[in-house]
Amino acid sequence: MYEAKNFEQLLGTEGFSDVLLRNHFTLYEGYVSNTNKVHEFLKTAEVGTPAYNELKRRFGWDWNGMRLHELYFGNMKNGGVALTAGSELQKVIEYVWGSFENWQKEFIGIGTMRGIGWVVLASHPVKKMVFNTWVNEHNE
Numbered sequence: 044m045y046e047a048k049n050f051e052q053l054l055g056t057e058g059f060s061d062v063l064l065r066n067h068f069t070l071y072e073g074y075v076s077n078t079n080k081v082h083e084f085l086k087t088a089e090v091g092t093p094a095y096n097e098l099k100r101r102f103g104w105d106w107n108g109m110r111l112h113e114l115y116f117g118n119m120k121n122g123g124v125a126l127t128a129g130s131e132l133q134k135v136i137e138y139v140w141g142s143f144e145n146w147q148k149e150f151i152g153i154g155t156m157r158g159i160g161w162v163v164l165a166s167h168p169v170k171k172m173v174f175n176t177w178v179n180e181h182n183e
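Just so you know, we're using the numbering used here here: the sequence shown kicks off at 44 and counts up by one.
Written out as structure tokens, the structure reads:
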């Protein structure tokens with residue numbers, strides 16, 4: 044159903060060791076594989092049973108892990124450049140936090156908290172705002 048994408052073009056990206064990237068590529072591939080396995084089990088599981096409920100939870104876990112890695116790697120660029128001055132994203136960040144540096148300080152601060160998870164700059168389409176948030180592992 045799902046196929047793992049190849050992100051090897053990111054090897055050699057400044058600030059990331061190739062060992063770290065390869066470890067995360069392997070982790071990502073595991074989420075893709077498990078998403079497919081659980082999807083197959085769900086086809087024959089009886090809705091409303093404890094087994095079905097647990098499979099649905101597991102599917103969410105693996106699918107979220109798969110998609111978060113795809114979004115993360117898909118937004119990376121080997122040899123990429125810093126945020127363009129005057130870009131729409133920078134304007135929004137400066138509106139919300141007062142400056143890019145204020146946003147960056149908060150974002151890095153969240154990223155250095157103890158625990159396994161993700162720090163995400165998320166958008167709220169209804170409020171038309173952005174915010175930094177912690178995603179515990181990938182349960183949310």
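All C-beta atoms, glycine included, are put in the ideal place defined by N, C-alpha and C. A quick note: this is a predicted structure, and the numbers were derived from the prediction, not measured.
Residue i versus the options, residue with shortest Cα-Cα distance
{"i": "residue 127", "options": "117, 143, 158, 116", "result": "143"}
{"i": "residue 204", "options": "60, 44, 51, 171", "result": "The question about residue 204 has no answer, for the chain in this structure spans 44 to 183."}
{"i": "residue 72", "options": "87, 99, 105, 86", "result": "105"}
{"i": "residue 46", "options": "62, 74, 103", "result": "74"}
Buried or exposed by the 16-neighbour rule on C-beta atoms within 10 Å, applied to residue i
{"i": "residue 136", "result": "buried"}
{"i": "residue 167", "result": "exposed"}
{"i": "residue 78", "result": "buried"}
Review point. Should the stretch 65-76 be regarded as contacting the stretch 105-117, the criterion being three or more beta carbon pairs within less than 8 Å?
Key: Judged by Cβ distances under 8 Å, the stretch 65-76 makes contact with the stretch 105-117, as three or more pairs qualify.
Review point. In chain order, which continuous runs of the alpha helix (DSSP H) of length 4 or greater are located wholly inside the stretch 71-127?
Key: Every alpha helix (DSSP H) of 4 residues or more that sits fully in the stretch 71-127 is shown, in chain order, as 93-117.
**Study point:** Every unbroken beta strand (DSSP E) inside the stretch 140-178 [3 residues or more]
**Key:** Restricting attention to beta strand (DSSP E) runs no shorter than 3 residues, the stretch 140-178 encloses them at 160-167, ordered along the chain.
Check your understanding: Is the stretch 171-181 close to the stretch 147-157, with three or more CB pairs under 8 Å?
Key -> Because the criterion of three Cβ pairs below 8 Å is met, the stretch 171-181 and the stretch 147-157 touch.
Exercise for review: Determine contact between the stretch 48-59 and the stretch 87-100, defined as no fewer than three beta-carbon pairs at a distance below 8 Å.
Suggested key: No, because fewer than three Cβ pairs between the stretch 48-59 and the stretch 87-100 fall closer than 8 Å, the two stretches do not touch.
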